[in-house]
Structure formats: structure tokens, C-alpha cells
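Have a look at the structure below, then the notes.
Number of protein chains: 2
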Amino acid sequence: MTTTNFRCGLEAVLAILGGKWKPLIIYHLASGPKRTGQLRRLVTNVSEKMLIQHLKELTDDGVIRRIDFQKIPPHVEYELTDFGRSLALTLAPMCDWGTHHDGQIAAIVRNRTSAAKVDGRA
Amino acid sequence: MTTTNFRCGLEAVLAILGGKWKPLIIYHLASGPKRTGQLRRLVTNVSEKMLIQHLKELTDDGVIRRIDFQKIPPHVEYELTDFGRSLALTLAPMCDWGTHHDGQIAAIVRNRTSAAKVDGRA
DNA sequence: CCCAGCACTTACAAAATAGTCAGTACTGGA
DNA sequence: TCCAGTACTGACTATTTTGTAAGTGCTGGG
Chain A
1 MTTTNFRCGL
11 EAVLAILGGK
21 WKPLIIYHLA
31 SGPKRTGQLR
41 RLVTNVSEKM
51 LIQHLKELTD
61 DGVIRRIDFQ
71 KIPPHVEYEL
81 TDFGRSLALT
91 LAPMCDWGTH
101 HDGQIAAIVR
111 NRTSAAKVDG
121 RA
Chain B
1 MTTTNFRCGL
11 EAVLAILGGK
21 WKPLIIYHLA
31 SGPKRTGQLR
41 RLVTNVSEKM
51 LIQHLKELTD
61 DGVIRRIDFQ
71 KIPPHVEYEL
81 TDFGRSLALT
91 LAPMCDWGTH
101 HDGQIAAIVR
111 NRTSAAKVDG
121 RA
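Chains A and B are the protein sequences, given in the same order.
All letters in the first sequence, in the order written, are residues 1 to 122 by UniProt numbering.
All letters in the second sequence, in the order written, are residues 1 to 122 by UniProt numbering.
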């Protein structure tokens, strides 16, 4: 990379949103601050380790903010920063699209799985 | 997974867009059909193998269409299907956001890199 | 005639990503 | 007292994803 910038904007977004669960985390935080355990339950199938790892990265990137209530046992919440909120807004059309094409996409994925069965993929 | 559907739309999108270069491929195809070699030059840094692999997956998923001109030496083009075009539209806000926050994101990534140097990440 | 280019394929290696499992320091409830 | 839950760390493994490098059959240009 010669410059610090990106070729198409999308690459920039991808640099922030890279990570299986990050878009989901942002999505769930869009409806308000949440505690760690709450997020773990909302973001289905995420392991505690990955959640926390992504949370940390998003915090470092200034997308979310960590609020430590300084209590014992621990009480921590995460919320979107303004930056994160603006990013969350760009996620919305995708989310709508996904919801709208839900069944179709499910069919595609099913197809993919059965094709895999036939040609021996995992 | 109990049902065939997704919890939040976003997951559905992610099922289609999973793969480092897929959003970029779709983005570049949004401006019209392209030949394989052309895409390889447009999607910076993509290896031929990954490009073709993702192209194949996107084709299987019905996002793009492969047009074989049945010529020798080969001439093949790819273009978005209607489905793909509708997906490309949802990418646009992200792309704008990325373009708009370009410098800021570049700074974040730089920060990440130097933090990595300090704490020993790759 | 040789070499570059086309659109691929394959085998293999490396790296990124994800996951499990145990442990920490602490508290409140059964 | 014991167990569950809180937020989190670290060691270790597994899986997935990506990359590298070579080869294929064919043609047109130098």
C-alpha cells in the first residue's frame, strides 16, 4: 500500500467490520447499550472469547465505548460511539435486504450444503 | 440451526458476502460486466485463485452470472444478476460511509498496526 | 518459434480466525 | 458451604480462509 487511503470506501468499511461477529454486535448495540452477558445471549452462537475479542477491537477502533461500573462482581456495558452509530446506519439497508430475501438466501445456503455433500466438501 | 431462516437479516447478508473479496467484486461489477482478467486488475491484491473461487461461489449463489463467449483462447465475462444488483445497492451506503470517513479509518488502522508493534501482535 | 496472455485447476503451505477449556476474584442465593 | 454468575485472560487446538506456485490448452504478436 503506497498511501494511507483506500481505493473504494468499501475497503475502509471492511477494515473496521472484519470479523465474523462485528456487524452483529453493532447491530445489537444500535438498539441501546448492553452488558457483556446480554450481548453473548443476543449474538447467537458467539463464544465468550470471540465476543470479548471483537468488543475490544471495536473499542480500540472507536466504534463502541466500554463503560465500567467499577463494581464487584463486574458490571460493564458497551454502547455505540457517534462514529459507531453512523456506521450502524449504513448497516440498516443490508439488514433490510437480508430480511426481505431471507427465504431465498436460506434456500441458497441449503443448496450450497447439499452441493457440498455431493462433491465431497465439508 | 433449528430453522432455515436467520435471526436478523444481517446474518443472511453475511452468508452471501462471506469472503474477503466478495463485496469488492460486487462493487466492481456494479459498474457493468467485466472479464476475469479485468476484475483481477481492479480488485487490488486478489490472487487469481481467490478471485475465481469467489466468482464461482457468487455464481452458484445467483448473485452474478458467468457469460462464456465460447472462444479459444477463452473469453468470459461476469455480470450481476437482478438479485446481485439489489445487493449491490445495499452496499452503496457503506461505500459512501467508507469514502467519507476514509482518513479517519486509515488513522485507526495505522493505530492498530503500531499498537500491534508494541504488544507483539503480527 | 517462443513467449505472453486468456481462464482456469490442482496441490500444498501459511495465516487468519474461531473454538474449547481452565482459571481469576468476587458476591449473592439456596 | 457450594454453586452460579459477573467480565475477562491465557494456553492450546481446530477449522477456515487465503496465498503461492505450478501446470493446462490454446492463440496471436514479435
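Just so it is clear, CB atoms sit at the ideal spot from N, CA and C, and this is done for glycine as well.
Note that the structure is predicted; figures quoted are calculated from it, not measured.
- Around the beta carbon of K34(B), 16 or more other beta carbons lie within 10 angstroms, which makes this residue buried.
- Taking a cut-off of 8 Å on C-beta distances, the segment 98 to 115 of chain A does not touch the segment 78 to 86 of chain A, as fewer than three cross pairs fall below it.
- A distance below 8 Å between beta-carbons, with the five flanking residues on each side excluded, links D61(A) to the following residues of its chain, in chain order: I16.
- Note on the segment 23 to 81 of chain B: whole alpha helix (DSSP H) runs with a minimum of 4 residues are 36 to 42, 48 to 60, in chain order.
- Here the alpha carbons of L42(B) and Y27(A) stand approximately 31 Å from one another.
- Counting every other CB atom within 10 Å of its CB across the protein chains shown gives K22(B) a total of 16 or more, marking it as buried.
- Taking 8 Å as the threshold, the shortest C-beta distance from G84(A) to chain B does not fall below it.
- Against T99(B), the close residues of chain A are G9, in the order they occur along the chain (beta-carbon pairs closer than 7 Å).
- Cβ proximity to chain B below 7 Å picks out Y27, T44 from the segment 27 to 46 of chain A.
- Taking a 10 Å sphere around the C-beta of L89(B), we find fewer than 16 other C-beta atoms and assign the residue as exposed.
- Within chain B, no residue has its beta carbon less than 8 Å from that of R66(A); the closest one is some 16 Å off.
- Listed by position along chain A, the residues whose Cβ is nearer than 7 Å to that of L87(B) are W97.
- Proximity of chain A to L24(B) at the Cβ level (cut-off 9 Å) is accounted for by R7, C8, L10, E11, L14, in chain order.
- By the C-beta density criterion, G103(B) is exposed, having fewer than 16 other C-beta atoms within 10 angstroms.
- Look at T59(B): its C-beta is not under 8 Å from any C-beta on chain A.
- For H75(B), the number of other beta carbons within 10 angstroms of its own is below 16, and it is reported as exposed.
- Annotated as proximal: T99(A) and G9(B), with beta-carbon spacing under 8 Å.
- G9(A) carries a coil assignment under DSSP once its states are collapsed to helix, strand and coil.
- I67(A) sits away from E57(A), with the two beta carbons spaced by 8 Å or more.
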